[in-house]
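Participant: Would you mind keeping the following structure in view while I ask a few things?
Numbering (the numbering used here), first residue to last: 34 to 269.
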């Protein structure tokens, strides 16, 4: 059985015009092949480690919560060189952490409160379609309220961003600033403030360069941000 699906491909990546930036490429995928791939993967894992699935079935104890973008080219474990069970992953369009998003808040609550992670990473990536869409003055329907969060980031940092004349550099900088603001949203939560006090949990902001494969540490000053925002957002 075959299924047709659309893959969004950026043909002219840095041109800030959605209509011309995204082309639709039609592909034919044999869904049955996925199950064949699965069998090969099982055999490969067992060849390398006979107890592989026994270990997976024993439970998870990740030390990292990774909050990243849904982009199909950015997979957390591969990017960080980690194995299944080592990182708890939450992904959405443009790696957002809105305080009204029940999904994100539930993930943070479970990862911090139950899994006891010690590190939270918010990881964006250059070439993010969500950030690009937010830079357009277009009505994007159901995406509007979600992208409004990124537009709020632009509003907060408008002076800096408007001073950047190169549109490509402005785009990249908004990706970075969005990561920074989402880190702040994470730090505002009661679970994170409590875990920092109890076991020194930290929050990090990274960007994945999709053109080089490099992970870039934005060097978010967690302690300074926590000190600053707790003047208003201190909960515990």
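From the three backbone atoms N, C-alpha and C, an ideal C-beta is built for every residue, glycine too.
#1: Measuring alpha carbon to alpha carbon, tell me which residue in 105, 156, 126, 109 is nearest residue 252.
#2: Can you give the beta carbon distance from residue 242 to residue 159, rounded, assuming they're within the 8 Å contact cut?
#3: Closest to residue 190 by CA distance: which of 210, 216, 176 is it?
#4: For residue 223 and residue 149, what's the separation of their Cα atoms in angstroms?
#5: Buried or exposed: residue 145, going by 16 or more other Cβ atoms within 10 Å of its Cβ?
#6: Using 8 Å for Cβ pairs, my map puts residue 119 next to residue 95. What's the rounded Cβ distance?
#7: On a Cα-Cα basis, can you pick out the residue from 101, 226, 239 that is closest to residue 266?
#8: Is the segment 199 to 213 touching the segment 67 to 81 in the sense that three or more CB pairs, one from each, lie closer than 8 Å?
#9: Using only alpha-carbon positions, find the residue among 201, 123, 269 that is nearest to residue 228.
#10: In or out: residue 238 buried (at least 16 other Cβ within 10 Å) or exposed?
#11: Round the Cβ separation of residue 121 and residue 85 to the nearest angstrom and send it over; I've been treating them as touching at under 8 Å.
#12: If we ignore side chains and look at the alpha-carbon of each, how far apart do residue 117 and residue 173 end up?
#13: Please report the straight-line C-alpha distance between residue 263 and residue 221, rounded to a whole angstrom.
#14: Suppose the cutoff is 7 Å on Cβ atoms and the five residues either side in sequence are ignored; what does the same chain contact list for residue 184 look like?
#15: Going by DSSP in three states, residue 250 sits in which element: helix, strand or coil?
#16: Hey, how far is the Cα of residue 89 from the Cα of residue 78?
#17: Identify, in the order they occur along the chain, each residue of the same chain with its Cβ nearer than 8 Å to the Cβ of residue 194, setting aside the five sequence neighbours on each side.
#18: For residue 212, report the span of its alpha helix (DSSP H) as first-last.
#19: Shorter than 7 Å from the beta carbon of residue 98 to some beta carbon of chain B?
#20: Identify every run of the alpha helix (DSSP H) within the segment 77 to 155, keeping only runs that are complete inside it and at least 4 residues long; order them along the chain.
#21: Taking C-alpha atoms, which residue in 240, 255, 254 lies nearest to residue 248?
Facilitator: Reading it off the structure:
#1: On the chain shown, position 219 is the one that residue 252 refers to. That would be 156, whose Cα lies nearest to the Cα of residue 252.
#2: The residue you call residue 242 lines up with position 209 of the chain shown. The residue you call residue 159 lines up with position 126 of the chain shown. Confirmed, about 5 Å.
#3: Counted from its first residue, the chain shown places residue 190 at position 157. For residue 190, the nearest C-alpha among the options comes from 210.
#4: For this step, residue 223 is matched to residue 190 along the chain shown. For this step, residue 149 is matched to residue 116 along the chain shown. Straight-line Cα distance between these residues: approximately 14 Å.
#5: One-based indexing of the chain shown puts residue 145 at position 112. By the 10 Å Cβ count, residue 145 comes out buried.
#6: Numbered from 1 along the chain shown, position 86 holds the residue referred to as residue 119. Numbered from 1 along the chain shown, position 62 holds the residue referred to as residue 95. Indeed, because the Cβ distance is near 6 Å, the residues count as touching under 8 Å.
#7: Residue numbering aside, residue 266 sits at position 233 when the chain shown is read from its first letter. Closest by alpha carbon: 226.
#8: no
#9: The residue given as residue 228 occupies position 195 in the chain shown. For the residues 201, 123, 269, the minimum Cα distance to residue 228 belongs to 269.
#10: Taking the first residue of the chain shown as position 1, residue 238 is located at position 205. Classification for residue 238: buried.
#11: The residue labelled residue 121 in the question sits at position 88 within the chain shown. The residue labelled residue 85 in the question sits at position 52 within the chain shown. Not quite, the Cβ-Cβ distance comes to about 19 Å (not below 8 Å), so this is no contact.
#12: Locating residue 117 in the chain shown gives position 84, counting from the first residue. Locating residue 173 in the chain shown gives position 140, counting from the first residue. Annotation: residue 117 to residue 173 spans about 36 Å, alpha carbon to alpha carbon.
#13: Numbered from its first residue, the chain shown carries residue 263 at position 230. Numbered from its first residue, the chain shown carries residue 221 at position 188. The alpha-carbon atoms of residue 263 and residue 221 are separated by roughly 8 Å.
#14: Walking along the chain shown from the start, residue 184 turns up at place 151. If we look at residue 184 and ignore the five residues flanking it on each side, its Cβ neighbours are 167.
#15: Start at 1 with the first residue of the chain shown, and residue 250 comes out as number 217. Strand.
#16: Locating residue 89 in the chain shown gives position 56, where the first residue counts as 1. Locating residue 78 in the chain shown gives position 45, where the first residue counts as 1. About 11 Å.
#17: For this step, residue 194 is matched to residue 161 along the chain shown. Here the set comprises 187, 203, 206, 207, 210.
#18: The residue you call residue 212 lines up with position 179 of the chain shown. Counting along the chain, the alpha helix (DSSP H) containing residue 212 begins and ends at 200 to 220.
#19: No chain B is present in this structure, which holds just one protein chain.
#20: Counting only runs of 4 or more, we get 85 to 90, 109 to 113, 135 to 146.
#21: Here residue 248 refers to the residue found at position 215 of the chain shown. From the listed residues 240, 255, 254, the smallest Cα separation to residue 248 is found for 240.
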